[in-house]
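If you read the sequence shown in my numbering, its first letter stands for residue 22, the second for the next number, and so on.
Glycine included, C-beta positions come from ideal geometry on N, C-alpha and C.
A short worksheet on the structure shown next.
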Amino acid sequence: MAASWWRRLSAFVTPPPLAEPDWQRALQACPLACRLDAARQAELRQLVSVFLARKRFFALAGAELDQHLRTLIAMQACLPAVQQGPRALRGWRDVLVYPGEFKVRRSHHDEHSGVVIEGDDVLIGEAWERGPLVLSLADVQLDLERPWDGYNVVVHEMAHKLDMLDGPPDGVPPLPANIARRQWIVAFQRAFDHLSDDIARGRDTLIDPYATEGADEFFAVVSELHWSQPGVLRRADPSVADLLAAYYGSSPAPG
């Protein structure tokens with residue numbers, strides 16, 4: 022249970038507590054957290070304190086990042102991790118924040134032709150295995166203003182971080198004892214295949230087509246829906262919705 026992980030952690034490290042006015046200000050600015058029940062808010066507050074004590078924030082390319090914004094980023098990053106506890110934050114340290122979209126240079130090797138193609142991807146978020154969490158501040162703020170539109174860049178990238186706790190991202194994070202790994206893989210693969218088939222046939226879909234980029238992206242995209250539009254996710258695939266509710270806890274989103 023969450024209380025037990027906090028007692029175990031407290032035996033080794035006591036992170037600096039968030040002052041009550043700072044916590045209440047952040048809580049009112051983050052609808053996803055504000056709608057949690059009192060017990061889960063208390064768990065989240067403890068985990069946010071751990072996050073702020075462990076992680077280093079870097080504002081890049083002119084981004085302006087004060088303590089309030091750092092707390093709001095930490096709050097959204099910790100939402101997907103509350104059910105798992107502080108160990109879900111292990112393996113990385115830095116949070117890089119750009120003012121808006123940022124470019125990343127990519128190289129692609131064509132196995133058939135042997136040609137290496139380089140180009141820039143324009144991103145709003147990125148998570149590196151054992152590396153930083155990278156975010157667009159403009160999109161973080163947009164998600165706070167529009168919490169129920171089905172998107173949340175911090176949740177998306179934190180889903181990747183959870184996925185990478187046991188190695189390269191594959192859409193299967195380390196699972197608690199109450200979720201069978203085989204059950205997860207079968208349900209997610211079936212949902213991925215159905216979505217891919219619908220897109221190939223030109224059908225409208227409830228899940229963003231970007232989810233078909235890979236099993237890792239599917240997990241991250243449906244994680245956004247769990248926190249922001251759980252009703253849409255349930256209509257799209259009840260089995261995946263049930264598994265994410267078991268993994269993350271119930272969604273605070275209306276409907």
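What residue ranges within the segment 149 to 183 form continuous alpha helix (DSSP H) runs of no fewer than 4 residues, ordered along the chain? Listed in chain order, they are 158 to 166.
Alpha carbon to alpha carbon, what distance is there between G83 and D184? 31 Å
Assuming D170 and S249 are in contact, meaning their beta carbons sit under 8 Å apart, how far apart are those beta carbons, in whole angstroms? 7 Å
What does DSSP give as the partner residues of F79 in its beta bridges? Paired residue(s): L117.
By the three-class DSSP mapping on this structure, what secondary structure does D225 have? Note: D225 maps to coil in three-state DSSP.
Looking at N199 and A102, is the spacing between their C-beta atoms short of 8 Å? no
In chain order, what residues of the same chain have a beta carbon less than 6 Å from the beta carbon of A262, not counting five sequence neighbours either side? L254 and R255
Compare the beta carbon distance of Y119 and S157 with 8 Å and say whether it is the shorter of the two. yes
Pairwise C-alpha distance: D219 and D258: In a straight line, the C-alpha of D258 is about 13 Å away from that of D219.
Do P194 and L53 have their CB atoms nearer than 8 Å? no
Provide the residue span of the alpha helix (DSSP H) that contains L39, from first to last. No alpha helix (DSSP H) holds L39; DSSP gives it neither H nor E.
Would you kindly work out how many angstroms separate the C-alpha atoms of P36 and R224, rounded to a whole number? Spanning the two alpha carbons is a distance of roughly 50 Å.
For E122, name the three-state secondary structure that DSSP assigns. Of the three classes helix, strand and coil, the one that applies to E122 here is coil, per DSSP.
Taking Y269 as the reference, give the member of L196, A208, H215 and T226 with the closest Cα. The shortest Cα separation from Y269 among L196, A208, H215 and T226 belongs to L196.
Other residues of its chain near I145: CB distance less than 6 Å, five sequence neighbours each side excluded: E122, S157, D160 and V174
Mapping the DSSP letters down to three states, classify A32 as helix, strand or coil. Only weak support is given to the placement of A32: the predicted model assigns it a pLDDT of 42, under 50, and the question is left unresolved by the model.
Go to D58, then tell me how far its alpha helix (DSSP H) extends in each direction, as first and last residue. Where D58 is concerned, there is no enclosing alpha helix (DSSP H), given that its DSSP letter is neither H nor E.
Inter-residue spacing [alpha-carbon to alpha-carbon] between W44 and A59: 13 Å
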